[in-house]
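In the UniProt record's numbering, the protein residues as written are 1 to 480. Scroll down for the structure; my scribbles are underneath it.
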Ligand SMILES: Cc1cc2nc3c(=O)[nH]c(=O)nc-3n(C[C@H](O)[C@H](O)[C@H](O)COP(=O)(O)OP(=O)(O)OC[C@H]3O[C@@H](n4cnc5c(N)ncnc54)[C@H](O)[C@@H]3O)c2cc1C
């Protein structure tokens, strides 16, 4: 356990800013982000509504509730909302994301079966039990590096591309040695464990890549290579979001990593690998958490747009009023859809499952709504935000007084105004905000495939009945 107790120095190999980080506690960006993630564990300790008592009298996080009814999903939503509000929805992959999938894994794990190598079903049961008992933070690595999407994984490996995905390099009696890479893993440097698997789409010849497994971040051979920071390291007042919530993404290299048999959920079976995400139940339940987290972020950005309009004296303009109305309507559509996904769920075996069609509609639409609110924030504020001096300049004796009086408006004092505009700048313009925008666009998968999948699964029978009736009536009338 590392995330909860804050000791990330467990031998994990994390590379950042041109060097291997020897002491993760002394790098500001790591200690800051870790503290934000740990707020979840603090909430667990201080807020009784975050936990429940299981059949053994053990206090368990509500993330691990196996939903049996709409009410259970509502309970879980309230927990996701509390966690998301700690970072205004800016941390995308907090512990609740994968943990809620782990909660239902035992109910689905029988599909994983067993073979001579391992009992994958039992592995999943044991793993889920440990994660729940220890309340561990699991991060997930799915997407394979975008080396050449026109080719299959085995084809790339045959050409010598060893890092096109994660593949079985050596089969051993007690496990497998894997090699390769996963292209992006948000918050990986802070997690206790990684869950590694593939999205559907492996070809029959890709059996070496057909893997799903867990491993600790400090497993020998795992190299976590962080992206460039959006964290600025200056005064928090100058970058209220960028300096608080940079959830580092990382490229993960597997340099001949041994995975014991007990850690495997899929090994060498392409059909099972392709089925893992949806078949394990993880897809739909993590989607519920994800859309709740997204709605919190939209709530934050919408409130910010409204506050800017109020504090910049814009609310008297009819055009601005209409824009704000559009934003609040968008927000309500998302909130209502999340609630509808819970109330129109269904039983899958013994698990009450949210309505995936609604969740995918939210995922697809939230991207647009988030973009819309960012444009509004930028339109309202960027012209003046771009001229806001950094806070140190308010302390230069030569200009401090005149600066303060010239930047003070009837609606706000200079420093208050600068702070609000800096917040707007971080959301809509700063590299932090651009990364957040990209996150909303892509983190849930390729937007094109989400739409295609939605159309393919939509129940249009009631619409078709009406069309058939009208066409039938029209055809009969012609015959008369
Ligand atoms: C900020 C951020 C954080 C993320 N965090 C995580 C994480 O923690 N864990 C994780 O596993 N993943 C994470 N992701 C990755 C995310 O899952 C992928 O970015 C997403 O699924 C899109 O995949 P891709 O970028 O590889 O796009 P690709 O699949 O490579 O596609 C890129 C574009 O190429 C075109 N294209 C590709 N294939 C096809 C095709 N077959 N047919 C037609 N057009 C095609 C499309 O225009 C597509 O949009 C994150 C992504 C971002 C941006």
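For every residue, glycine included, the Cβ atom is placed at its ideal position computed from N, Cα and C. These figures come from a predicted structure and were not determined experimentally.
Neighbour-count burial assignment, residue 181, 16 or more Cβ in a 10 Å radius: buried
Closest Cα partner of residue 187 within the set 460, 38, 258: 38
Between 110, 140, 114, which has its C-alpha nearest residue 93's C-alpha? If you compare the alpha carbons of 110, 140, 114 with that of residue 93, the shortest gap goes to 140.
Using 10 angstroms around the beta-carbon of residue 464, count the other beta-carbons present and answer buried if the total reaches 16, otherwise exposed. exposed
Anticipated Cβ contact below 8 angstroms, residue 73 with residue 288, distance rounded: 7 angstroms
From the DSSP output, read off the bridge partner residues of residue 53. 59
Does the Cβ of residue 370 lie closer than 7 angstroms to at least one heavy atom of ligand 1? no
With DSSP as the reference, label residue 407 as helix, strand or coil. helix
Find the nearest neighbour of residue 503 within the set 103, 120, 104, judged by alpha-carbon distance. Here the chain covers residues 1 to 480 and nothing more, so residue 503 does not appear.
Compare the Cα-Cα distances from residue 83 to each of 43, 52, 218 and report the closest residue. 43
Go ahead and label residue 109 buried or exposed: buried means 16 or more other beta carbons lie within 10 angstroms of its beta carbon, across all protein chains shown. buried
Residues in its own chain within less than 6 angstroms of residue 305 by CB, not counting five upstream and five downstream? 327, 373, 376, 377
Sorry if obvious, but does the Cβ on residue 315 come closer than 7 angstroms to a heavy atom of ligand 1? no
With DSSP as the reference, please indicate the residues paired to residue 13 in a beta bridge. 223
Going by beta-carbon coordinates alone, are residue 428 and residue 364 separated by less than 8 angstroms? no
Can you give me the C-alpha to C-alpha distance between residue 219 and residue 260, rounded to a whole angstrom? 11 angstroms
On the three-state DSSP scale, how would you describe residue 443? coil
Helix, strand or coil at residue 396 [DSSP, three-state]: coil
In terms of alpha-carbon separation, which member of 270, 245, 335 lies closest to residue 28? Nearest C-alpha to residue 28: 245.
In three-state terms, what does DSSP make of residue 185? strand
Segment contact, 8 angstroms Cβ cut-off, at least three pairs: the stretch 264-281 with the stretch 447-467: no
Got a sec: does ligand 1 put a non-hydrogen atom nearer than 7 angstroms to the Cβ of residue 141? yes
Quick check on residue 337: does DSSP put it in helix, strand or coil? helix
Return the bridge partner residues of residue 20 from the DSSP annotation. Per DSSP, the beta bridge partners of residue 20 are 15.
Going by other Cβ atoms of all chains shown within 10 Å of its Cβ, with 16 needed for buried, is residue 148 buried or exposed? Of the other Cβ atoms in all chains shown, fewer than 16 fall within 10 Å of the Cβ of residue 148; this residue is therefore exposed.
With a cut-off of 8 angstroms, do at least 3 Cβ pairs link the stretch 336-343 to the stretch 410-421? no
Under the three-state reduction of DSSP, which class applies to residue 325: helix, strand or coil? The three-state reading of DSSP puts residue 325 in helix, counting H, G and I together.
Counting pairs of beta carbons, one from the stretch 236-253 and one from the stretch 57-72, are three or more of them closer than 8 angstroms? The stretch 236-253, when compared against the stretch 57-72, does not touch it at the 8 angstroms Cβ threshold.
Output the boundary residues of the alpha helix (DSSP H) element that contains residue 271. 270-279
To the nearest angstrom, how far is the alpha carbon of residue 240 from that of residue 310? Here the C-alpha atom of residue 240 lies approximately 20 angstroms from the C-alpha atom of residue 310.
Nearest CA to the CA of residue 433: which residue from 230, 209, 478? 230
Span of the beta strand (DSSP E), counted from its first residue to its last, around residue 109: Taken as a continuous stretch (DSSP letters only), residue 109 belongs to no beta strand (DSSP E), as it is neither H nor E.
Which class does residue 170 belong to by DSSP, given the choice of helix, strand or coil? strand
Drop a sphere of 10 angstroms on the beta-carbon of residue 459, count the other beta-carbons inside from all chains shown, and report buried for 16 or more, exposed for fewer. exposed
In three-state terms, what does DSSP make of residue 96? helix
For the beta strand (DSSP E) containing residue 458, list its first residue and its last residue. From DSSP, residue 458 is part of no beta strand (DSSP E); its letter is neither H nor E.
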